[in-house]
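Engineer: Residue numbers are given in the UniProt record's numbering: position 158 of the sequence shown equals residue 158, and the series is strictly consecutive.
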Amino acid sequence: MSLNMPSRRLIQSASSLTTPLSQLSLSRTASSQQIRSISFFGWGRKGKKTETTDDIIANEIAQPAAAKRQRVLQQMLPGKVESDSIFSDELASTAPPSTPAPEAANANAGEADSQMDRSKEGLARAVDPDPLNRVRWQRKMVIRHVAKATDPFSKESRAARIKRTEREVRQKSHFLPTSVKKLVHLARQIAGKPVEEALVQMQYSKKKMAREIALQLEIARDRAIVERGMGLGKVKAAAEEEGRKAVEGDVAAAVHKIQTKDGKWLEIDDPTRMYVAQAWVERGPWRGMQMSPRARGRADRILKPSTGISMILKEEKTRIREHKERQEKKHRQGPWVHLPDRPITAQRQYYSW
1 MSLNMPSRRL
11 IQSASSLTTP
21 LSQLSLSRTA
31 SSQQIRSISF
41 FGWGRKGKKT
51 ETTDDIIANE
61 IAQPAAAKRQ
71 RVLQQMLPGK
81 VESDSIFSDE
91 LASTAPPSTP
101 APEAANANAG
111 EADSQMDRSK
121 EGLARAVDPD
131 PLNRVRWQRK
141 MVIRHVAKAT
151 DPFSKESRAA
161 RIKRTEREVR
171 QKSHFLPTSV
181 KKLVHLARQI
191 AGKPVEEALV
201 QMQYSKKKMA
211 REIALQLEIA
221 RDRAIVERGM
231 GLGKVKAAAE
241 EEGRKAVEGD
251 VAAAVHKIQT
261 KDGKWLEIDD
271 PTRMYVAQAW
281 VERGPWRGMQ
291 MSPRARGRAD
301 RILKPSTGIS
311 MILKEEKTRI
321 REHKERQEKK
331 HRQGPWVHLP
341 DRPITAQRQY
351 YSW
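(1) I think threonine 307 touches valine 337, with their Cβ atoms under 8 Å apart; what is that distance to the nearest whole Å?
(2) Would you call the segment 206 to 225 in contact with the segment 164 to 174, where contact means no fewer than 3 C-beta pairs closer than 8 Å?
(3) Nearest by alpha-carbon distance to serine 310: which of Gln138, Ala67, Val184, Gln70 is it?
(4) Can you list, in chain order, the residues of its chain with a C-beta nearer than 6 Å to that of methionine 289? Leave out the 5 residues immediately preceding and following it.
(5) When you compare only the Cα positions, how much space is there between glutamine 63 and aspartate 54?
(6) What is the residue span of the alpha helix (DSSP H) that alanine 336 lies within?
(7) Nearest-angstrom Cα distance between alanine 58 and valine 72?
(8) For alanine 279, name the three-state secondary structure that DSSP assigns.
(9) Would you call the segment 270 to 286 and the segment 313 to 320 in contact, with 3 or more CB pairs under 8 Å?
(10) Label lysine 323 either buried or exposed according to how many other C-beta atoms from any shown protein chain fall within 10 Å of its C-beta, with 16 as the threshold for buried.
(11) Spatial neighbours of histidine 256 within its chain, please: C-beta separation below 6 Å, excluding the five flanking residues on both sides.
(12) I need the DSSP call for glycine 288, collapsed to helix, strand or coil.
(13) Where are the alpha helix (DSSP H) runs, 4 residues long or more, that stay fully inside the segment 153 to 235, in chain order?
(14) Three-state secondary structure (DSSP) at glycine 308?
(15) Whole angstroms is fine: what's the gap from arginine 283's alpha carbon to proline 340's?
(16) Tell me which same chain residues have a C-beta within less than 7 Å of the C-beta of alanine 346, skipping the five on either side of it?
(17) Would you list the one or two residues that DSSP bridges to alanine 299?
(18) Which same chain residues end up closer than 6 Å to phenylalanine 175 when comparing Cβ atoms and leaving out the 5 residues on each side of it in sequence?
(19) Using the three-state DSSP reduction, which class does isoleucine 56 fall into: helix, strand or coil?
(20) Classify lysine 264 as helix, strand or coil using the three-state DSSP reduction.
(21) Who does glutamate 315 pair with in a DSSP beta bridge?
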């Protein structure tokens, strides 16, 4: 029986059989060491890890980001302010007591430059970017005001007089996680009430959003006091400072008894007391959606609403003026005549039509 195989195959197989044993063992050991090193990923090595190209690039990218972050933090720190500023004492108390060394001063020189300069000269460019046009506009407005005030045939409009003599503040809340139907009842509850009474109503209310409305009322009250100077009771404070003792007649004259648009009678002893003139709600964007499975493989969408509340705070001076205007209008109109007072014409013994 003969073997049918090409001669070159026989030569290759013979050469593989004649390979020395030491060479085979060395190659097998090298391959096994290579596999072991790959499987352990370099664990247990004592040598230093060399930085790769990716690490170098990542460090170069991270350095500008870190510097930018540090620069932003330095800008957020309190900078220079005027000596007569109301925050100068607070900044002086928070400043470090010890004087830094020359090396530290040189190192912190760049940080001090990066801080925002809040002085009048530093903020002039941002607050008053075009002073020439501002002066021209102010001059034009002053000339217009003087011309209208000195003209005997012109008088101050009603809207301008109300804006000049009365104050108000508007407050708008963020969108709350509730619906319009639920929030509108709280808005109607506080409308027309003094601020302190509205806060008491929200304090003892069982509604979940009552706390949020109370917070918005407090914010609006604080803004009205700080920004508009409302609710300070200047008349009562001036009377107390002068030491004048009010007699019964003066007290009776100081208390205003008015009637609101709803027909409710009120007694007002402080015209600067704040009250909620208006309160309304507005629908916001949908916060999300939830699927509700129904019968026959159907599903309904349940949308989660959001609603915001807005309010206007005014002083009792406004309600006193509105009451006086209604009374004056009623007196101007006179009594209501049921039938017109005119002579009867076309009197005949038969109909004219």
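Think of the CB as a built atom: it goes at the ideal place given N, C-alpha and C, for glycine as much as any other residue. Because the structure is a prediction, the values reported are computed rather than measured.
Structural biologist: Let me lay it out:
(1) Sequence index remark: in the sequence shown, residue 307 carries index 307 (1-based). Sequence index remark: in the sequence shown, residue 337 carries index 337 (1-based). Not confirmed; about 49 Å, so no contact.
(2) yes
(3) Mapped onto the sequence shown, residue 310 falls at position 310. Of the listed residues, the one whose Cα sits closest to serine 310 is Val184.
(4) Along the sequence shown, one-based indexing puts residue 289 at 289. Excluding residues within five positions, the ones whose Cβ falls inside 6 Å are Arg301, Leu303.
(5) Translated into positions along the sequence shown, residue 63 becomes position 63. Translated into positions along the sequence shown, residue 54 becomes position 54. Distance between the alpha carbons of glutamine 63 and aspartate 54: 14 Å.
(6) Locating residue 336 in the sequence shown gives position 336, counting from the first residue. The sequence shown places tryptophan at residue 336, rather than the alanine named in the question. DSSP places tryptophan 336 outside any alpha helix (DSSP H), giving it a letter other than H or E.
(7) In the sequence shown, residue 58 corresponds to position 58, counting from 1. In the sequence shown, residue 72 corresponds to position 72, counting from 1. Taking the straight line joining both Cα atoms gives about 21 Å.
(8) The sequence position of residue 279 within the sequence shown is 279, counting from 1. Secondary structure of alanine 279 (DSSP, three-state): strand.
(9) Segments in contact, yes.
(10) In the sequence shown, counting from the first residue as 1, residue 323 sits at position 323. In the sequence as displayed, the identity of residue 323 is histidine instead of lysine. So histidine 323 counts as buried.
(11) Position 256 of the sequence shown, counting from 1, holds the residue named residue 256. Correct list, in chain order: Ile268, Ile320.
(12) On the sequence shown, position 288 is the one that residue 288 refers to. Three-state DSSP puts glycine 288 in a strand.
(13) The segment 153 to 235 contains, as complete alpha helix (DSSP H) runs of 4+ residues, the segments 158 to 165, 180 to 190, 195 to 203, 210 to 223 (chain order).
(14) For the purposes of this step, residue 308 is identified with residue 308 of the sequence shown, where counting begins at 1. In the structure shown, glycine 308 sits in a strand (DSSP, three-state: E or B).
(15) The residue you call residue 283 lines up with position 283 of the sequence shown. The residue you call residue 340 lines up with position 340 of the sequence shown. In a straight line, the C-alpha of arginine 283 is about 50 Å away from that of proline 340.
(16) Start at 1 with the first residue of the sequence shown, and residue 346 comes out as number 346. The beta carbon of alanine 346 is closer than 7 Å to those of Ser352 in its chain, skipping five residues each way along the sequence.
(17) Start at 1 with the first residue of the sequence shown, and residue 299 comes out as number 299. Pro293, per the DSSP bridge assignment.
(18) Along the sequence shown, one-based indexing puts residue 175 at 175. Excluding positions up to five away in sequence, the list reads Gly284, Ser306, Gly308.
(19) Residue 56 sits at position 56 when you count from the first residue of the sequence shown. In the structure shown, isoleucine 56 sits in a helix (DSSP, three-state: H, G or I).
(20) On the sequence shown, residue 264 is found 264 positions in, with the first residue counted as 1. DSSP places lysine 264 in the coil class of the three-state scheme, outside both helix and strand.
(21) One-based indexing of the sequence shown puts residue 315 at position 315. Glutamate 315 pairs with Met274.
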